[in-house]
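Please read the structure below before turning to the comments.
The structure is reproduced here in structure tokens:
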């Protein structure tokens, strides 16, 4: 639980850093656009994402790239040697929600995977469950969903899947809580996992 609290406490720092990097990227792109099309060269470095693109660039692609650079140049702030035009100041990143911040939060929630350990010592695995445990399982599921949605308010209770492994990784009864958008890997496959449903 301390690790989870530590992560939650550090998320604003990470988001601020992402906003700062986004601003730096925008500034660098504006500087590069101001250089002009004639002075730019194709960068084909090993290890960069450019090296993954096709090496032979067609003339149509070059003209399209030139048009895109021209569009970017028109939206960039004027150079210092030109007369200062009245331009509204850019909004402060901390005052407005950034797209990166929203995407990061959503991506983080979509990858949610929690593990709940139960305090009961009489149940070691799925094989130990009997009909008499059904009320306890329903209560446990309701409490786990309630705790998860309280911790992550943007997640609804119908966006969570709860399951246990048929062959557990270790013999202490535990429940996996995952977001429905999380890619279902082999551990969630039928035959390996048993879902804990509402009814």
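Residue numbers (the UniProt record's numbering): 1 to 199.
Using N, Cα and C, we set each Cβ at its ideal position, and we do this for glycine too.
- Straight-line measurement puts the Cα of residue 28 at about 55 Å from the Cα of residue 138.
- For residue 178, the three-state secondary structure derived from DSSP is strand.
- For the alpha helix (DSSP H) assignment, the uninterrupted runs of no fewer than 4 residues enclosed by the segment 119 to 156 are, from N- to C-terminal side, 134 to 151.
- Going by beta carbons, residue 162 and residue 141 fall inside the 8 Å limit.
- Contact check between the segment 148 to 156 and the segment 120 to 132: fewer than three CB pairs, one atom from each, fall below 8 Å, which does not count as touching.
- Between residue 173 and residue 136, the alpha-carbon positions lie close to 13 Å from each other.
- Only residues of its own chain outside the window of five on either side were considered, and among them 179 have a CB closer than 6 Å to the CB of residue 112, listed in chain order.
- In the three-state reduction of the DSSP assignment, residue 111 falls in the coil class.
- Taking residue 127 as reference, the option from 109, 16, 108, 165 with the minimal CA-CA separation is 165.
- Minimum Cα-Cα distance from residue 181 among the listed residues 149, 110, 115 corresponds to 110.
- Our two residues, residue 114 and residue 11, have alpha carbons roughly 17 Å apart in a direct line.
- Ranked by how close their Cα comes to the Cα of residue 176, the residues 34, 146, 116 have 116 in first place.
- Residue 160 sits buried, since 16 or more C-beta atoms from the chains shown fall within 10 Å of its C-beta.
- Taking 8 Å as the cut-off, the beta carbon of residue 157 is found closer than this to the beta carbon of residue 149.
- Straight through space, the alpha carbons of residue 13 and residue 31 are spaced by roughly 27 Å.
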